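In the working numbering, the protein residues as written are 3 to 580.
Glycine residues also receive a C-beta, built at the ideal position from the N, C-alpha and C atoms.
None of the values given here were measured: they were computed from a predicted structure.
Scroll down for the structure; my scribbles are underneath it.
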RNA sequence: GCGCUCUUAGCUCAACUGGAUUAGAGUACCAGAUUUCGACUCUGGGGGUUGGGGGUUCGAGUCCUCCAGAGCGCACCA
């Protein structure tokens, strides 16, 4: 179904045949991998373009013109190629016979399975960890971006043959959780005594904890009032975590994100994983007790030298060694995180992908170092950073302040604009660019709002299909070959690029490509539609010419199929009517 | 002070991971078409030293280096 990979394989086979005849040394398969076949930037160059001559020339130390001419003469024999041309720096441009595009469309429309993608993953395991927000508050806009990015990426990777596990790491241990529990206890007291308590620095003053306080009151009555922190902590911590996590899970479900696994940090700490990593690292002589240097700059006034258990992460490219134990001999977060990564590796025996927020960029080198150390570089950890989201309403910037507990929650955004808008908008930028998310704009029924624009194209397709009694079994290649308008053929060519787009999204872990493609496809379809206004003979349905109508409707149908496939990747269901 | 990530048209962003005489879209602006199979849809126009300098090579927005600006992070928190 992927025209580009089909012909790339043919070209490679031809190269191997020539290589045998002329005894070229192509044992270095990396060189063959560098050969690509893609649609040229400039349409006038043809349909396909390959860099084969240049790649081979550099490997064989030959003149690229010489190789290009040899290749060209062989490629010209292929029937499907109308024109094969060798041009300046070393490209070979190919024009396909129009019947190839007709056949392509015919196959697409008549196959029951829709699009099929290349099996890049070959069933390999891939663990995608994302969101992993601390259960100390509700999810907000930034989390939404990571959630959509990770979830969509996971879908894309599944489509190309990876076995993907969607995972959320719950940081349900440590100081922040103690602060959370203490905050909830204050809300509990507040609920009983009907008076306000002051939240000291480090506690969570957000109103969202009021219901937790009430719940504790409902369960325990006044029995906890006089208990010390140590006594009430184990009693109410499970309640607090469960409630916070439930809210998070609900928001995720509403956003269309279904995690496969929630892993608890507490459980990791209780397991033997930490001892295990200690043993592993010790065996590799990567542990020592030492004193870290004071970081330069004036941000830390209370710095004092402390001997701590350190991991030699510098050896793996980190800027400094990192502490595994705190001064009081308890584990650092980093230590438990290494243990967690070991846990993931042991469970899936595959590679890991972490989706992180922009504020965690500084963490990457140390955790990657650790993964490389414990697996002897056998497992790869890929980190993708999602940059921040700026919220605004009709141009007015909405400020977020987490400290005061005053920020726009994901739940609010979901209520305001719905899941589909969020999912699409969060992927209309590369992951490393900031996103401007304007509540007003994303609800507009116009081109300003890409999800509307794409869905509108789909609705138009459906409208045509409805008014035409379209049936697949009326189609044959003869009718399809009536499609001769340049815009029609161009649209088929654009359709043919869909699997390439999806596969590239998978290869480079860039889900935004799907959105950009869908916008492009919608645009070309709208354009073709309007051609029918200028010239009535170009309308999709012509009562006096059933053959061409059938062919054009087949084209419309395949546009619909493709938009649906694309939106499906984003977990968005297009609506037939708007 | 150090590290990471960014900087592309007035604005918001792409650019198939090093490819093509002319770096593409949208928006805004100007000029038009259409009102239907479906309604803010389409066509055309001007707008650029890809933050700046240097380097690597057949070829650089993309890689290296220096400089400037923005964001994030900087023992023991998570």
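For residue 395, the enclosing beta strand (DSSP E) covers residues 391 to 395.
Annotated three-state conformation of residue 59 is helix, per DSSP. Counting along the chain, the unbroken beta strand (DSSP E) around residue 309 starts and ends at 309 to 313. When secondary structure is reduced to three states using DSSP, residue 150 falls in the helix class. For residue 143 against residue 415, the beta-carbon gap comes to about 6 Å, under 8 Å, which counts as contact.
Per DSSP, residue 127 is one residue of the beta strand (DSSP E) stretching across 127 to 131. Taking 8 Å as the upper bound for CB-CB distance, residue 199 and residue 188 are in contact here, some 5 Å apart. One Cα belongs to residue 484, the other to residue 155, and the distance between them is close to 39 Å. Pairing residue 28 with residue 37 gives a Cβ-Cβ distance that is not under 8 Å. According to the DSSP secondary-structure assignment, residue 324 is paired through a beta bridge with 313. Excluding the 5 residues flanking it on each side, residue 573 has same chain C-beta neighbours closer than 6 Å at 258, in chain order. With fewer than 16 neighbouring CB atoms inside 10 Å of its own CB, residue 364 falls in the exposed class. The beta carbon of residue 322 sits closer than 8 Å to those of 294, 295, 315, 316, all from its chain and outside the five residues before and after it, given in chain order. Distance from the Cα of residue 240 is smallest, within the candidate group 168, 225, 184, for 184.
It is roughly 7 Å from the alpha-carbon of residue 337 to the alpha-carbon of residue 276. Nearest to residue 425 by alpha-carbon distance, out of 207, 254, 399, 49, is 254. Residue burial annotation: residue 478 is exposed, with fewer than 16 other C-beta atoms found within 10 angstroms of its C-beta. Looking from the CA of residue 162, the closest CA among 153, 526, 568, 509 belongs to 509. The DSSP-derived three-state label of residue 526 is helix. Between residue 330 and residue 373, the alpha-carbon positions lie close to 25 Å from each other.
Minimum Cα-Cα distance from residue 384 among the listed residues 24, 201, 203, 353 corresponds to 353.
The alpha carbon of residue 351 has as its nearest neighbour, out of 203, 382, 332, the alpha carbon of 382. With fewer than 16 other CB atoms across the displayed protein chains lying within 10 angstroms of its CB, residue 297 is exposed. Segment contact: the stretch 438 to 448 against the stretch 386 to 398, three or more CB-CB distances shorter than 8 Å; contact assigned. If you look at residue 255, you'll find it in the alpha helix (DSSP H) that goes 231 to 256. Here residue 453 has 422, 423, 426, 427, 444, 574 as same chain residues with Cβ atoms under 8 Å from its own Cβ, once five neighbours each way along the sequence are excluded. The straight-line gap separating the alpha-carbon atoms of residue 375 and residue 131 is approximately 20 Å. With respect to residue 139, residue 357 sits apart: the two C-beta atoms are not nearer than 8 Å.
Here residue 95 has 42, 47, 48, 51, 87, 89 as same chain residues with Cβ atoms under 7 Å from its own Cβ, once five neighbours each way along the sequence are excluded. Comparing alpha carbon positions, the residue from 346, 173, 535 closest to residue 243 is 173. Taking every protein chain shown into account, the CB of residue 486 has fewer than 16 other CB atoms within 10 angstroms, so this residue is exposed. Annotation for residue 312: 289, 290, 291, 292, 294, 323, 324, 325, 326 place their beta carbon closer than 8 Å to its own, counting only its chain and skipping 5 residues before and after. Taking all protein chains shown into account, residue 580 has fewer than 16 neighbouring C-beta atoms within 10 Å of its C-beta and is therefore exposed. Taking the C-beta atoms as reference points, residue 279 is found no nearer than 8 Å to residue 221. Per DSSP, the continuous beta strand (DSSP E) segment holding residue 437 begins and ends at 437 to 440.
In the displayed model, residue 197 falls within coil according to three-state DSSP, outside both helix and strand.
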